[in-house]
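Peer 1: First residue of the sequence shown? That's 19 in my numbering, and the numbers climb one at a time after it.
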Amino acid sequence: MIDLYTWATPNGRKVSILLEELGLDYRVHAVDIGAGDQFKPEFLAVSPNNRIPAIADGDITLMESGAIMLYLATKADRLLPKLLSAPLSSESVQTLTESNSYWHVMEWLMWQMGGLGPMLGQTHHFVKYNQGKSPYAEERYLKETHRLYGVLEKRLESRAYIVDEYSIADIAVWPWISRFEWQTIDLDRYPNVKRWYCEIARRPAVQKGYQVPMFVNDVPMP
Ligand SMILES: N[C@@H](CCC(=O)N[C@@H](CS)C(=O)NCC(=O)O)C(=O)O
19 MIDLYTWATP NGRKVSILLE ELGLDYRVHA VDIGAGDQFK PEFLAVSPNN
69 RIPAIADGDI TLMESGAIML YLATKADRLL PKLLSAPLSS ESVQTLTESN
119 SYWHVMEWLM WQMGGLGPML GQTHHFVKYN QGKSPYAEER YLKETHRLYG
169 VLEKRLESRA YIVDEYSIAD IAVWPWISRF EWQTIDLDRY PNVKRWYCEI
219 ARRPAVQKGY QVPMFVNDVP MP
């Protein structure tokens, strides 16, 4: 049984959606970050950076959603292409392709962790919660938000999913896009993102994982 420490935010939902997709047993611990639960010693023992999500599985505890997703997908051996051990050259074309897909999933997972998440988080802070306080920051982060949507739009131009098949790359990015209204994004401007977003939104595991640790609102649909 995996213990999941989470709250109803994009980073938290990345992990609850993945757990639902993988069909792994888990127990939910709600960490109310608005009430300061993330600073309690019992939570800091699992997540020393005082941020959700975090998990405990047997004798391992993990913070950082990207690391948690890699751990869970590796554990279940699903939603992450196989990594071929080096040297690659002696392997068949088929396995080489699989290994390339692994690195592309890593590439887009890192893009989400290092770019999309942190930048859209700033947009939420300035545009949704503190509108009018810093026109400079609003303009800066909205511009960056549109740039990032443009990058995703282009990536999805000739693909159903971010990398070949549905993977943890899609699950990492999707909850951030689900806040398109907070970001004042009109998804009609990004038709490939809209098509991808709506398809993933209809998955039963996504519908269920979105409502962890509690119901806040229905999955937003454009
Ligand atoms: N890079 C971290 C970011 C986690 C993060 O920022 N979590 C937010 C909620 S989405 C949080 O716990 N905030 C609490 C705080 O700032 O004290 C991850 O991907 O897990």
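Every residue, glycine too, gets a C-beta built ideally from N, C-alpha and C. Please read these numbers as outputs of a predicted model, since none were measured by experiment.
#1: Under 8 Å: do the stretch 164 to 184 and the stretch 208 to 219 share three or more Cβ pairs, one atom per stretch?
#2: Mind checking if P240 is an interface residue toward chain B, Cβ cutoff 8 Å exclusive?
#3: Check the DSSP bridge columns for R45 and list the partner residues they point to.
#4: Label G41 either buried or exposed according to how many other C-beta atoms from any shown protein chain fall within 10 Å of its C-beta, with 16 as the threshold for buried.
#5: Note the first and the last residue of the continuous alpha helix (DSSP H) segment covering D204.
#6: Along the chain, where does the beta strand (DSSP E) containing R178 start, and where does it finish?
#7: From this set, T163, S119, L170, which residue's C-alpha is nearest E183's C-alpha?
#8: Tell me which residue opens and which closes the beta strand (DSSP E) that L80 is part of.
#9: Taking one C-beta from the stretch 223 to 231 and one from the stretch 35 to 51 each time, how about it: are there three or more such pairs within less than 8 Å?
#10: Report the residue from R221, W121, Q201, K93 whose alpha carbon sits nearest the alpha carbon of L134.
#11: Any heavy atom of ligand 1 closer than 7 Å to the CB of M131?
#12: Going by the CB atoms, is the gap between G30 and I73 shorter than 8 Å?
#13: Could you pull the start and end residues of the beta strand (DSSP E) that I73 belongs to?
#14: Could you tell me whether the Cβ atoms of V64 and W25 are closer together than 8 Å?
#15: Counting C-beta neighbours from all protein chains within 10 Å, is the total for A178 16 or more, i.e. buried, or is it exposed?
#16: Under 7 Å Cβ to Cβ from D188, same chain only, skipping five residues before and after it: list those, please.
#17: Any idea if I20 is buried or exposed, counting beta-carbon neighbours within 10 angstroms, 16 or more meaning buried?
Peer 2: Per the coordinate set shown:
#1: Output reads yes: the stretch 208 to 219 touches the stretch 164 to 184.
#2: Absent from the structure: chain B. Only one protein chain is present.
#3: Taking the first residue of the sequence shown as 1, we reach residue 45 at position 27. Looking at the DSSP assignment, R45 forms a beta bridge with D21.
#4: Residue mapping note: residue 41 aligns to position 23 of the sequence shown, counting from 1. Counting every other CB atom within 10 Å of its CB across the protein chains shown gives G41 a total below 16, marking it as exposed.
#5: As a first step, residue 204 is located in the sequence shown; it is residue number 186 there, counting from the start. Note, D204: premise wrong, no alpha helix (DSSP H); not H, not E.
#6: Here residue 178 refers to the residue found at position 160 of the sequence shown. According to the sequence displayed, residue 178 carries Ala and not Arg. Taken as a continuous stretch (DSSP letters only), A178 belongs to no beta strand (DSSP E), as it is neither H nor E.
#7: As a position in the sequence shown, residue 183 is number 165, starting the count at 1. Minimum Cα-Cα distance from E183 among the listed residues T163, S119, L170 corresponds to S119.
#8: Walking along the sequence shown from the start, residue 80 turns up at place 62. Note, L80: beta strand (DSSP E), 78 to 81.
#9: Result yes; three or more Cβ-Cβ pairs closer than 8 Å.
#10: Mapped onto the sequence shown, residue 134 falls at position 116. Among R221, W121, Q201, K93, the Cα nearest to that of L134 belongs to Q201.
#11: Numbered from 1 along the sequence shown, position 113 holds the residue referred to as residue 131. Under cutoff, so the answer is yes.
#12: By 1-based counting over the sequence shown, the position of residue 73 is 55. By 1-based counting over the sequence shown, the position of residue 30 is 12. No, these two residues do not count as a Cβ contact at 8 Å.
#13: Here residue 73 refers to the residue found at position 55 when the sequence shown is read from its first residue. The continuous beta strand (DSSP E) containing I73 extends over residues 72 to 75.
#14: Here the question's residue 64 lines up with position 46 in the sequence shown. Here the question's residue 25 lines up with position 7 in the sequence shown. Going by C-beta atoms, V64 is not nearer than 8 Å to W25.
#15: Position 160 of the sequence shown, counted from the first residue, corresponds to residue 178. Its Cβ having fewer than 16 others within 10 Å, A178 is exposed.
#16: The residue you call residue 188 lines up with position 170 of the sequence shown. Answer for D188: Y179, I180, I218, listed in chain order.
#17: For the purposes of this step, residue 20 is identified with residue 2 of the sequence shown, where counting begins at 1. It is buried - the Cβ of I20 has at least 16 other Cβ atoms within 10 Å.
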